[in-house]
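Colleague: As you go down the protein sequences, you meet chains A and R in turn. Here our numbering is used: the first residue of the first sequence is 39, the next is one more, and so on. Here our numbering is used: the first residue of the second sequence is 16, the next is one more, and so on. Beta carbons are placed, not taken as given, at the ideal position from N, Cα and C, and that holds for glycine.
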Amino acid sequence: MKNTFLRTVILSVIISLLSSGLVYVLLSNQSRKTAVVDAIKLFNQYNMKKELETKEKTRLEAMSKVLDSLTNKIKVAQASKDDQTAKMLFDRFNQLKQQLRDEYNQSNQLINQEVWKRLNPLIDEFGKKKNLHLIIGANGMGSVLYNDEYYDLTPELVTYVNKQYEGR
Amino acid sequence: MKVGKLYVVSIFLLSATGCGKRQLNAADYVHYVQEDKNHLKKAVKMQDMEFDIQYKPYDYIVLLESRNDPAYDREKRMKQLAGTAWFNISFHKTNTEISALKEGATSLDDYDQRLNYFLNYASKDIVLVYGGDTLKPVSYLFENNYNVGPEETMVVGFVFPGKDPAPLKDMQISYYDRLFHNGIIKASFSAETLKEIPNLLNTNNKI
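#1: Give me the residue from A:Thr197, A:Leu56, A:Trp154, A:Gln122 with the minimum Cα distance to R:His196.
#2: Taking the Cβ atom as the reference point for each residue, do R:Leu55 and R:Gln69 lie within a distance shorter than 8 Å?
#3: Can the beta-carbon of A:Arg156 be found less than 8 Å from the beta-carbon of R:Gly172?
#4: Using a Cβ cut-off of 8 Å, pull out every chain A residue sitting near R:Ser203, in sequence order please.
#5: Does the beta carbon of A:Lys155 come closer than 8 Å to any beta carbon on chain R?
#6: Write down every uninterrupted run of the beta strand (DSSP E) in the stretch 67 to 145 of chain R whose length is 3 residues or greater and which is fully enclosed by it, in chain order.
#7: If A:Ala176 sits next to A:Ala77, beta carbons under 8 Å apart, how far is it from one beta carbon to the other, in whole angstroms?
#8: Please state the DSSP three-state secondary structure of A:Leu55.
#9: In the DSSP assignment, find the beta strand (DSSP E) that holds A:Glu184 and state where it starts and stops.
#10: For R:Met169 and chain A, any beta-carbon pair shorter than 8 Å?
#11: Could you tell me the alpha carbon to alpha carbon distance between R:Gln49 and R:Ala137, rounded to whole angstroms?
#12: At the level of alpha carbons, what is the spacing between R:Asn40 and R:Ser81?
#13: Determine whether the beta carbon atoms of A:Val75 and A:Leu183 lie at a separation below 8 Å.
#14: Express the C-alpha separation of A:Glu91 and A:Asn146 in angstroms, rounding to a whole number.
#15: Just the chain R side, please: which residues come within less than 9 Å of A:Leu90 by C-beta, in chain order?
#16: Give the residues from the stretch 134 to 167 of chain A that approach chain R closer than 7 Å (Cβ to any Cβ), ordered along the chain.
#17: Taking a contact to mean a Cβ-Cβ separation below 8 Å, would you say R:Gln95 touches R:Asn214 in this structure?
#18: Classify R:Pro213 as helix, strand or coil using the three-state DSSP reduction.
#19: Determine the DSSP secondary structure at A:Glu194, reduced to helix, strand or coil.
#20: Measure the C-alpha to C-alpha separation of R:Ala115 and R:Ser122 and round it to an integer number of angstroms.
#21: Could you give the distance in angstroms between the alpha-carbon of R:Glu167 and the alpha-carbon of A:Thr197?
#22: Output needed for R:Met16: all residues of its chain with C-beta closer than 6 Å, excluding positions within five of it in sequence on either side, in chain order.
#23: For chain A, is any of its Cβ atoms less than 8 Å away from the one on R:Met61?
#24: If we cut at 8 Å on Cβ distances, does R:Gln49 have a partner in chain A?
#25: Since A:Met86 meets chain R, which of its residues come closer than 8 Å, beta carbon to beta carbon?
#26: Does any residue of chain A have a CB that is nearer than 8 Å to the CB of R:Lys71?
#27: From what residue to what residue does the beta strand (DSSP E) around R:Ile222 run?
#28: Skipping 5 residues on each side, what residues in its chain have a beta carbon closer than 6 Å to that of R:Leu209?
#29: Taking 8 Å as the cut-off, decide whether the C-beta atoms of A:Met101 and A:Leu138 are in contact.
#30: Since I believe R:Ala202 is in contact with R:Ile188 (beta carbons under 8 Å), could you give me their beta-carbon distance rounded to a whole number of angstroms?
#31: Spell out whether any CB of chain A is found under 8 Å from the CB atom of R:Lys57.
#32: Are the beta-carbon atoms of R:Met231 and R:Tyr191 separated by less than 8 Å?
#33: Go ahead and pull the three-state DSSP assignment for A:Phe128.
#34: Are R:Phe157 and R:Leu134 touching if we call contact CB-CB under 8 Å?
#35: To which residues of the same chain is R:Val45 closer than 7 Å at the C-beta, ignoring the five residues directly before and after it?
Written as structure tokens, this is what we have:
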């Protein structure tokens, strides 16, 4: 009789401990906040990226104009059957074209590096301010297959990083 | 009726507090200018580097300059400063105590090139947007600390177009960091923030 009572008590204690543990796990999972951010949109809408691209565009366009002028000179040399000059200009043209391609690739790489160098600490800061536990970067490569708007903090983060960038 | 009276009293109190600028003694004034919460000093943080941009009101400049100079002519200096804006752009590495100029330099030539950039070229990468005008520096100085500390400072000055005796409009200074590849560093100072700068209580006061 006494044994049955004791067994019932122990069983109820175990059950209540297990259920409170379960409730705790569920509640703590609920407070764990997750957000999804479109990394490509964030990168492209960051004002610094746009400004750096404009600066580089001006420089690369100046180089490109030199190429255009060489093309015209080659045409003139070919028209006047000056093969030696045409060949010399054509070599110079190819050399410059390769240089322009290299400059373009290098500048893209540099902008990419500079922008992420600035964005990463800002994303950390944003996550901490919003009490987020996880920010998932969607990049169109299939890492995030679906999320509803509730989890999408891209516009908010874009506004945040641009405000910080403008030094306000 | 009571609500009406309360409204009138509130407006009176608000306007009374808004009219008088705060007055601070020299030490408090310097502290005010340097304190982050007053928005005259802005920090831009990167992964391994930090830039601090300090706007320097005229009284602040005068207080610091006159510290160890009993013959300092305050009036003359204030006249020289009228119509200009001055900033310190300081930077340091956050992951080391070594100067950013020295850290990661592979040779003495490398260090010299970095130093040469700050001595002769960095000023070309700095602009100030004042109201609708984009201004280039009229004065630039790189404070070479010869590696005695990790922080390096560029001191830069601009002259306002028109006849503004002191900055009255929104200002945004930007520096394009071509050397350490941190992109464009910006700091904004709103007209409101500038208007709120307290007055110096006693101009003969020194720190």
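Modeller: According to the data block:
#1: A:Trp154
#2: yes
#3: no
#4: Glu204, Gly205, Arg206
#5: yes
#6: 99 to 108, 141 to 145
#7: 7 Å
#8: helix
#9: The sequence as given places Tyr at residue 184 of chain A; Glu does not occur at that position. That residue, A:Tyr184, is in no beta strand (DSSP E); it is neither H nor E in DSSP.
#10: no
#11: 24 Å
#12: 15 Å
#13: no
#14: 8 Å
#15: Tyr191, Gly198, Ile199
#16: Leu148, Gln151, Glu152, Val153, Lys155, Arg156, Asn158, Pro159
#17: no
#18: coil
#19: helix
#20: 14 Å
#21: 31 Å
#22: For R:Met16, the pLDDT reaches just 46, beneath the cut-off of 50, and the residue's location in the model is therefore unreliable, leaving the point undetermined.
#23: yes
#24: no
#25: Gly198, Ile199
#26: no
#27: No beta strand (DSSP E) contains R:Ile222, which DSSP labels as neither H nor E.
#28: Pro182
#29: yes
#30: 5 Å
#31: yes
#32: Residue 231 of chain R lies beyond the residue range present for chain R, which begins at 16 and ends at 222; the question has no answer from this structure.
#33: helix
#34: yes
#35: Tyr75, Leu78, Ile222
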